[in-house]
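Visitor: The structure follows.
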Amino acid sequence: MIYLALSVLASTLIFIIFKLFSKYNVDTLQAIVVNYIVASVSGIIAYSEPIDLSSVSGKGWFFGAMILGIIFISVFNLMAITTQRNGLSVAAVATKMSLVIPIIFGVIAYQESTGIIKILGIIIALIAVYLTSIKTTVGIPITKKNLIFPVLVFIGSGVIDTSIKFLETHYVAKNDIPVFSATVFGFAAIVGIITLVYKVITGTFKIAFKNIIAGVILGVPNYFSIYFLIQALRHDSMDSSTVFTINNVAILLVSTFAGILFFQEKLTFKNWIGIILAIISIILVAFSI
Numbered sequence: 001m002i003y004l005a006l007s008v009l010a011s012t013l014i015f016i017i018f019k020l021f022s023k024y025n026v027d028t029l030q031a032i033v034v035n036y037i038v039a040s041v042s043g044i045i046a047y048s049e050p051i052d053l054s055s056v057s058g059k060g061w062f063f064g065a066m067i068l069g070i071i072f073i074s075v076f077n078l079m080a081i082t083t084q085r086n087g088l089s090v091a092a093v094a095t096k097m098s099l100v101i102p103i104i105f106g107v108i109a110y111q112e113s114t115g116i117i118k119i120l121g122i123i124i125a126l127i128a129v130y131l132t133s134i135k136t137t138v139g140i141p142i143t144k145k146n147l148i149f150p151v152l153v154f155i156g157s158g159v160i161d162t163s164i165k166f167l168e169t170h171y172v173a174k175n176d177i178p179v180f181s182a183t184v185f186g187f188a189a190i191v192g193i194i195t196l197v198y199k200v201i202t203g204t205f206k207i208a209f210k211n212i213i214a215g216v217i218l219g220v221p222n223y224f225s226i227y228f229l230i231q232a233l234r235h236d237s238m239d240s241s242t243v244f245t246i247n248n249v250a251i252l253l254v255s256t257f258a259g260i261l262f263f264q265e266k267l268t269f270k271n272w273i274g275i276i277l278a279i280i281s282i283i284l285v286a287f288s289i
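All the letters of the sequence shown, read from the start, carry residue numbers 1 to 289 under UniProt numbering.
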C-alpha cells in the first residue's frame, strides 16, 4: 500500500507543477521534453547495474517500452488539444475514466477477483470522477466535431495503464523497473526532441531557460509516479483492478484538495458530492481486497 500512496503523492505533485506552468507562462512542450529527458536519466541513475545498450535492446520489454514512450507523449499532446477545445474538465474526466480499460483487461486476462462490493466501488468511483472533475453547474459540454479528442485521450490513457500492467507482468524483472521506466521516458523524449527540431526548422521555436528549469522540476516526480505504480502493481495483496481504481480516484481526490489549499480553487456542490463518493469508493474497493 505504501507504493500506491507514494504513486498518488508523486502524481499529485505533477498536478501542482502543471498548475504552476500556467501561472509562470511556461512553454508546456519544451518543459515536457526536458521532463522526459530528466525522468529517463532518473531511471538510469536508479538502475543498480551498468547500462549496456545492446543488453537493454534485447530485453523482452524493449519494443513495448518504445511504443509506450511514443504513446505517452502522443496522449499528452491530445490532452492539451482536448483542454484547449473542450476544457480542462473534459480532459480530466477522459483521463481518469480510462481506468475501466485496465480493469476490464485485468478481469478478462488475469481472472482478477470481482465481487459485489468491488463492482459497486468501481461504479461509484466512475461517478465520483465525473462529479469531482466538472467545474460548472451545467455539466460538461462537448461538441460533435471535437468529440474525437476526449475519446482518443480516454483510449490512450487506458492503453498506457493496460500496457504497463501487461509488460510488468510478463517481461519486466524487479531489478529492471528503473531501466524499463527510463526506456519508456527516453523514447518519449526522442519524439519530443524531433518535434522541437521541426519547430526550429520552421522558425516557430524559441527556447527559454525557465522552460528547462520547469522540465527538470517535473521530471523527477514523473519518473517516480510510474516507478511506484509499477511497484504497487507487483504487490501480491492487490490486483490491478484494485490498484488502478484506488490510484486514479486518490490522485483526483488529493489533487482536488491541493487545488483548494494552494490555488484557492472553488468547488461546486457536485464537486463535494464527488469527493464524498470518491472516499466511499476507495473504502469499498480497498475493503474488497
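All C-beta atoms in this analysis are idealised placements derived from N, C-alpha and C, irrespective of residue type, glycine included.
What is the rounded straight-line gap between the Cα of S89 and the Cα of I134?
Guide: 5 Å
Visitor: If you compare alpha carbons, which of V41, K199 and T169 is closest to D236?
Guide: Of the listed residues, the one whose Cα sits closest to D236 is T169.
Visitor: Check the C-beta distance from F287 over to I117 and give it rounded, since I have them as a contact under 8 Å.
Guide: Correct: roughly 6 Å between the Cβ atoms.
Visitor: Three-state secondary structure (DSSP) at N211?
Guide: helix
Visitor: G259 by DSSP, collapsed to three states: which one?
Guide: Helix at G259.
Visitor: Runs of 3 residues minimum, wholly inside the region 46-112: which ones carry the beta strand (DSSP E) assignment?
Guide: none
Visitor: Which residue from S255, F228 and I246 puts its Cα closest to that of I123?
Guide: I246
Visitor: Report all residues from its chain with a CB closer than 7 Å to the CB of T162; omit the five preceding and five following residues, and keep chain order.
Guide: I101, P102 and F105
Visitor: Which whole-angstrom value is the C-beta distance of P221 and A91, which I expect to be below 8 Å?
Guide: Rounded, the Cβ-Cβ distance is 20 Å, inconsistent with contact.
Visitor: For a test of the three-state rule: what should DSSP assign to F205, helix, strand or coil?
Guide: Assignment of F205 by DSSP, reduced to helix, strand and coil, places it in the coil class.
Visitor: V129 to V249, Cα distance in whole Å?
Guide: 7 Å
Visitor: Measure the C-alpha to C-alpha separation of G64 and F269 and round it to an integer number of angstroms.
Guide: Note on geometry: alpha-carbon atoms of G64 and F269 lie some 43 Å from one another.
Visitor: Could you give the first and the last residue of the continuous alpha helix (DSSP H) run that contains L167?
Guide: I148 to H170
Visitor: Within 10 Å of its beta-carbon, does G219 have 16 or more other beta-carbons around it, so buried, or fewer, so exposed?
Guide: So G219 ends up on the buried side.
Visitor: V285 and T242: beta carbons closer than 7 Å?
Guide: yes
Visitor: Please list, in chain order, all residues of the same chain as G186 whose beta carbon is under 6 Å from its beta carbon, the five residues on each side excluded.
Guide: In its chain, beyond the 5 residues on either side, S40 have a beta carbon closer than 6 Å to the beta carbon of G186.
Visitor: Measuring CA to CA, which of D176, I190, Q231 and A5 is closest to I51?
Guide: D176
Visitor: Quick test of your reading: L233 and K165, contact by CB under 8 Å. State the CB separation rounded to the nearest angstrom.
Guide: 6 Å
Visitor: Do you know offhand how far F228's Cα is from F205's?
Guide: Between F228 and F205, the C-alpha separation is close to 34 Å.
Visitor: From which residue to which residue does the alpha helix (DSSP H) around N271 run?
Guide: F269 to F287
Visitor: What residue does the alpha helix (DSSP H) around V8 start on, and which one ends it?
Guide: I2 to K23
Visitor: How many Å lie between I194 and I17 at the Cα?
Guide: 24 Å
Visitor: Does DSSP put S237 in a helix, a strand or coil?
Guide: coil
Visitor: Going by beta carbon distance, what residues of the same chain come within less than 6 Å of Q30, once the five residues before and after it are set aside?
Guide: N211
Visitor: Would you identify the three-state DSSP class for Q30, choosing helix, strand or coil?
Guide: helix
Visitor: Relative to the alpha-carbon of I207, which residue among L253, V34, S7 and G60 has its alpha-carbon at the smallest distance?
Guide: Answer by Cα proximity: V34.
Visitor: Under 7 Å between the Cβ atoms of I71 and I127?
Guide: no
Visitor: Beta-carbon separation of Y198 and G43 under 7 Å?
Guide: no
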